[in-house]
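Enquirer: Count the sequence shown with the working numbering and you get residues 19 to 673, in order. All C-beta atoms, glycine included, are put in the ideal place defined by N, C-alpha and C. Remember, predicted model here, so these are calculated numbers, not experimental data.
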Amino acid sequence: MGIAITPDDPTGPTILDFASGMRVGFSPQGPTGLIDNTFTWTDTLTWIKGAHTFKAGGTYTPYQNNTVYDFYINGQFDFVGVGGASGPYTKNDHADFMLGLADEFIQYPAAPSNIRSKNVGGFFQDEWKLRRDFTLSLGVRYEYSSPKLDLQGRSFTWVPGQQSTVFPNAPKGILFPGDAGAPRGANFPDKNDWAPRFGFAWSPGQGKTSIRGGFGVFYDILKGEDNLQFNGQAPFFAFADLSFDPLMTNPTAEITNMTRPFVAAGQPNPFPSTPPQKNLDFAAAGFLPLGGGGVYSVDPHLRTPYIYQYNLDIQREINSNTIFDIAYAGSNSHKLTGLLDSNPFIPGTTSRIFNLPSGNPTNAFNYLDTFANVGLANYNSLELGLRGRPREVRALGNVSYQFSYTYGKSLDTTSGFRVLNARNARVPYFDRKRFRAVSDFDLTNYISLAGSWELPFTKAWENGPSRLTSGWTIQPIFTYRSGEPIDVFANLSRNRTNPGPSAAGDQNLVRVNQVAPVTYFDPRLSQSFNGRSGNYFFDPNAFSTSGLTATPAQGFDPVNNPSQRTYGNVGRNAFRGPTRTNLDFSIAKRTNIDERTRLEFRAEMFNALNHPLFRNPNTTFTSGTFGQISSTGTSSGGVSDSQPRIIQLALRLIF
Numbered sequence: 019m020g021i022a023i024t025p026d027d028p029t030g031p032t033i034l035d036f037a038s039g040m041r042v043g044f045s046p047q048g049p050t051g052l053i054d055n056t057f058t059w060t061d062t063l064t065w066i067k068g069a070h071t072f073k074a075g076g077t078y079t080p081y082q083n084n085t086v087y088d089f090y091i092n093g094q095f096d097f098v099g100v101g102g103a104s105g106p107y108t109k110n111d112h113a114d115f116m117l118g119l120a121d122e123f124i125q126y127p128a129a130p131s132n133i134r135s136k137n138v139g140g141f142f143q144d145e146w147k148l149r150r151d152f153t154l155s156l157g158v159r160y161e162y163s164s165p166k167l168d169l170q171g172r173s174f175t176w177v178p179g180q181q182s183t184v185f186p187n188a189p190k191g192i193l194f195p196g197d198a199g200a201p202r203g204a205n206f207p208d209k210n211d212w213a214p215r216f217g218f219a220w221s222p223g224q225g226k227t228s229i230r231g232g233f234g235v236f237y238d239i240l241k242g243e244d245n246l247q248f249n250g251q252a253p254f255f256a257f258a259d260l261s262f263d264p265l266m267t268n269p270t271a272e273i274t275n276m277t278r279p280f281v282a283a284g285q286p287n288p289f290p291s292t293p294p295q296k297n298l299d300f301a302a303a304g305f306l307p308l309g310g311g312g313v314y315s316v317d318p319h320l321r322t323p324y325i326y327q328y329n330l331d332i333q334r335e336i337n338s339n340t341i342f343d344i345a346y347a348g349s350n351s352h353k354l355t356g357l358l359d360s361n362p363f364i365p366g367t368t369s370r371i372f373n374l375p376s377g378n379p380t381n382a383f384n385y386l387d388t389f390a391n392v393g394l395a396n397y398n399s400l401e402l403g404l405r406g407r408p409r410e411v412r413a414l415g416n417v418s419y420q421f422s423y424t425y426g427k428s429l430d431t432t433s434g435f436r437v438l439n440a441r442n443a444r445v446p447y448f449d450r451k452r453f454r455a456v457s458d459f460d461l462t463n464y465i466s467l468a469g470s471w472e473l474p475f476t477k478a479w480e481n482g483p484s485r486l487t488s489g490w491t492i493q494p495i496f497t498y499r500s501g502e503p504i505d506v507f508a509n510l511s512r513n514r515t516n517p518g519p520s521a522a523g524d525q526n527l528v529r530v531n532q533v534a535p536v537t538y539f540d541p542r543l544s545q546s547f548n549g550r551s552g553n554y555f556f557d558p559n560a561f562s563t564s565g566l567t568a569t570p571a572q573g574f575d576p577v578n579n580p581s582q583r584t585y586g587n588v589g590r591n592a593f594r595g596p597t598r599t600n601l602d603f604s605i606a607k608r609t610n611i612d613e614r615t616r617l618e619f620r621a622e623m624f625n626a627l628n629h630p631l632f633r634n635p636n637t638t639f640t641s642g643t644f645g646q647i648s649s650t651g652t653s654s655g656g657v658s659d660s661q662p663r664i665i666q667l668a669l670r671l672i673f
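(1) Where G48 and F89 are concerned, what is the direct C-alpha to C-alpha distance, given to the nearest angstrom?
(2) Can you check DSSP and say which residues form a bridge with L52?
(3) Between I229 and G75, what straight-line distance do the alpha-carbon atoms span, to the nearest angstrom?
(4) For the candidate residues Q94, R514, N636 and Q582, whose alpha-carbon lies nearest to that of P362?
(5) Is there a Cβ from chain B that is less than 9 Å from the Cβ of L154?
(6) Quick one: is N55 buried, meaning 16 or more other Cβ sit within 10 Å of its Cβ, or exposed?
(7) Quick one: residues in its chain with C-beta nearer than 6 Å to the C-beta of I192, no 5 flanking neighbours on either side, listed in chain order?
(8) If you draw a straight line from the C-alpha of L667 to the C-alpha of D458, how long is it?
(9) Following the continuous beta strand (DSSP E) through F97, name the residue where it begins and the one where it ends.
(10) Does DSSP classify L669 as helix, strand or coil?
(11) Taking the continuous alpha helix (DSSP H) assigned at T487, which residues delimit it?
(12) Determine the direct distance from the alpha carbon of I341 to that of P408, and round the result to whole angstroms.
(13) When we look at the beta-carbon of D61 and count the other beta-carbons within 10 Å, is it buried (16 or more) or exposed?
(14) With DSSP collapsed to three states, give me the class of T267.
(15) Which residue's Cα is closest to the Cα of R134: A120, N84, A113 and P106?
(16) Would you mind giving the Cβ-Cβ distance between F383 and I23, rounded to the nearest angstrom? I have them listed as a contact below 8 Å.
(17) Could you tell me how far apart the beta carbons of F36 and F97 are, in whole angstroms, since I believe they sit closer than 8 Å?
(18) What's the C-alpha gap between D430 and R454?
(19) Any contact of the segment 494 to 513 with the segment 546 to 554, i.e. 3+ C-beta pairs under 8 Å?
(20) Just verifying my parser: in three-state terms, what is the DSSP assignment at S581?
(21) Can you give me the C-alpha to C-alpha distance between D208 and T64, rounded to a whole angstrom?
(22) Can the beta-carbon of Y397 be found closer than 9 Å to that of K427?
(23) To test your reading of the DSSP string, which unbroken beta strand (DSSP E) runs of 3 or more residues are found completely within the segment 512 to 600?
(24) On the criterion of 16 or more Cβ atoms from any shown chain inside 10 Å, does S544 qualify as buried, or is it exposed?
(25) Starting from A113, follow the alpha helix (DSSP H) in both directions and report where the run begins and ends.
(26) Determine the burial state of F673: buried for a count of at least 16 other Cβ atoms within 10 Å of its Cβ, exposed for fewer.
(27) Short check: CB of N509 to CB of W471, under 9 Å?
(28) Roughly how many angstroms separate the alpha carbons of Q333 and G68, rounded to a whole number?
(29) Quick check on this structure: which residue in L148, G171, N205 and G196 has the alpha carbon closest to the alpha carbon of S163?
Here it is as structure tokens:
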């Protein structure tokens, strides 16, 4: 297609990504060279003294990560299709592609890193048996993980207004290892990770009741996400995040932004990347404006996330075969990690925070995604259980069962960063708790019932052949769960020159506006909206992005009119997807051939009723299938809930 780019390590064609859902090209994750060396030293000591059982121990784990990281190394063009205030854009992503007009281009380097860290921990615990029926457990644990650092010093941090002495020509505000006020690695050390524990177990009366409870503080290990600070960052490596509209308003047939993206954006081409010199001219090297999709930093004051966990459980033996259980479980999480734009637009201006100090007359900084402690979360649940041990039930034969029900609620400000199914890990700079809502994975109700029934054919046919009538067992497993939360974004692209409807540059956090009551439909039936037919779960016309476009419409000025500043009137995770009901079923026949040999036949059915288990609908507002459910199953791909009915047969000879 005439795309003129110079990757560090070309591994395939440039990726084309369309807002309507189509993607052309290989995975953005290219070949990655990885050498990890992990060593662990650990020991535990136990001392029993009277009613006390003392335990103490420690562990030491040095961490090494040696990586050559290829990500978007061949570049990617994004076609948003929302149109602009000027220029030849058509407001159709596919038509813009045919004209060679992309909205954004990103390209990363081949980026080596040599990361080191050390993890140490120690604990002491006393299990004290105060009485025959009461045990108390007290303990404390200490953990420390040294901040990750690159052996070659390839990291940086943001300190507004301070000039680097390591790279004297760097824009004010970006510092490197060796600069005053900059950490040696990803962040400054956090040495305050003390974690006390408390628990008890009480069996009052005749031993038919058990009461247990506990409280503990638990520290997480900072995930490998902070490794990304060392992968492909300026000025140690080249990167590119080019926004063309409205930068490129007069493309020609010879120079579209797809054929020569750096020329079209008026930016120097920094590829292939080379090691920087201390007197590096950041502008001439193509590193300005710093920021965008190619820059990733860690908050220098990052702290280890931690969680308070607490529970109380009461278990009662109703009779010799039946046990009832009721429990409360809760948690409260603090300093959870996510992304924060450290360089938002200041409301009331069209300037970003880092571009205001003198010395940055050319808007040297774009948006700056920073890995920081931005999240809070809590979880509360009521858990009920009823368990029946195997027993003979008159003419029914041998029966056992286990029933459980959980009524819970999980709230957070963001549901994880780059974890499975996490939809968005960013929070607004000026209001970090704005999107506190039910978690992406919240399930209000969950019911499970499993059982085993040995069929009493021998009793029903006393004179029948025992090898035929004995050994039959059926085992059903029934589950029900509430629908998962769904989020409806306006699907706006961030722009370094436009503050967008939030006036803070947070376009990718903007949800849609709800303009009518939401009507839900049976996804097994086809509906038609706006000339399109499909299996709609909700009415797409209930939502609109009017007044939310990345380029302000006439009369829309959130910078100077605070009343117009909005993230859309639909809250985070405001709706629920379809509920799920499933039945798995198995039947088995065991036949004794002699005293030492047994033949076992099993027939297992997953989704035995062949009930459709729908995925969540498409919530990409700009997609042609917005509001539709196009597949069944779950993104995790579990066998029992991702397929039509499956029957598998097995025959085993046991000897």
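Expert: With the given structure in hand:
(1) 6 Å
(2) T85
(3) 29 Å
(4) R514
(5) Structure shown: chain B not included; a single protein chain is present.
(6) exposed
(7) F174
(8) 37 Å
(9) Q94 to F97
(10) strand
(11) S484 to T487
(12) 12 Å
(13) exposed
(14) Low confidence applies here, because T267 scores a pLDDT of 46, under 50, leaving its location unreliable; read the following figure in that light. T267 falls in the coil class under three-state DSSP.
(15) N84
(16) Contact doesn't hold; Cβ gap of about 24 Å is too wide.
(17) 5 Å
(18) 5 Å
(19) no
(20) helix
(21) 30 Å
(22) yes
(23) 545 to 547 and 550 to 552
(24) exposed
(25) D111 to M116
(26) exposed
(27) no
(28) 28 Å
(29) N205
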